[in-house]
Each structure stands twice: as structure tokens, then as C-alpha cells.
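So for the sequence shown, numbering that gives the first Met the number 0 puts the first residue at 0; every next one is plus one.
Glycine included, C-beta positions come from ideal geometry on N, C-alpha and C.
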Amino acid sequence: MSLTRVQVLHIAELAKLKLNDAEVDRMTQQLSAILDHAARLQELNTDAIPPTASVVPLHNVMRDDVIAPSFTRAEALANAPDQDERGEFFRVRAILKGGQ
Numbered sequence: 000m001s002l003t004r005v006q007v008l009h010i011a012e013l014a015k016l017k018l019n020d021a022e023v024d025r026m027t028q029q030l031s032a033i034l035d036h037a038a039r040l041q042e043l044n045t046d047a048i049p050p051t052a053s054v055v056p057l058h059n060v061m062r063d064d065v066i067a068p069s070f071t072r073a074e075a076l077a078n079a080p081d082q083d084e085r086g087e088f089f090r091v092r093a094i095l096k097g098g099q
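Here it is, written out as C-alpha cells:
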């Protein structure tokens, strides 16, 4: 399928592109070649090919959750710059100013 300059200028307008004459000529050839290739793909018989969402086999890349030893609350808070009064939580300064 061969596009005309008028069609390419219309496509450029829809895409809000400003093309000079040389670019219009180049785009006319390139877009026509793309449409020709798409038309050739439409000719392929795909009746025997099942629909697929992906052409590569998918597998879960996440590891299984495994319970493992962890820090106690006291160990986790040992290097905290500030804690609540009961020593149970990290305390951080507010980063927002009042009135918002």
C-alpha cells in the first residue's frame, strides 16, 4: 500500500509533527514500506496456531517465603536514633509543616 504525500501530511498533523519536504518524502516511503510489510503478514495462514499471550514460557521468579530467624524488637531498635517511650517503635521527625 502506497501512501500519498497528502496522507502523510494528515498523519503528521494528527501526531502534531512539523515535517519539512525532505522528511515528508522520507516518511512517505517508510510508512508505505511498513504498511506493505503489515499487509504481507495479513496473508499468513494462522488457523493452526493457538492464541498466545506470550511466546516464551513463563515461570514464577519469586522465591517461596521461608520463616527464618530474625532480629528481636530490641535488636532492631538498638541503633535507632529515637524510639517511643516504651521502646517499641522507631520515631521519626515529621517532614510536613502544620496547617496542611
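- Here valine 54 is exposed: its Cβ has fewer than 16 other Cβ atoms, across all protein chains shown, within 10 Å.
- Less than 7 Å divides the Cβ of valine 7 from the Cβ of threonine 27.
- In terms of Cα proximity to serine 1, the closest of Leu34, Gly86 and Val91 is Leu34.
- One thing to note: arginine 90 has its Cβ within 7 Å of the Cβ of aspartate 81.
- Rounded to the nearest whole angstrom, the C-alpha separation of leucine 40 and threonine 51 is 17 Å.
- For leucine 30, the closest alpha carbon among the candidates Ile48, Ala47 and Ile10 is that of Ile10.
- Excluding its 5 nearest sequence neighbours in each direction, alanine 79 has C-beta neighbours in its own chain below 7 Å: Phe89, listed in chain order.
- When DSSP reads this structure, phenylalanine 89 sits in a beta bridge with Gln82.
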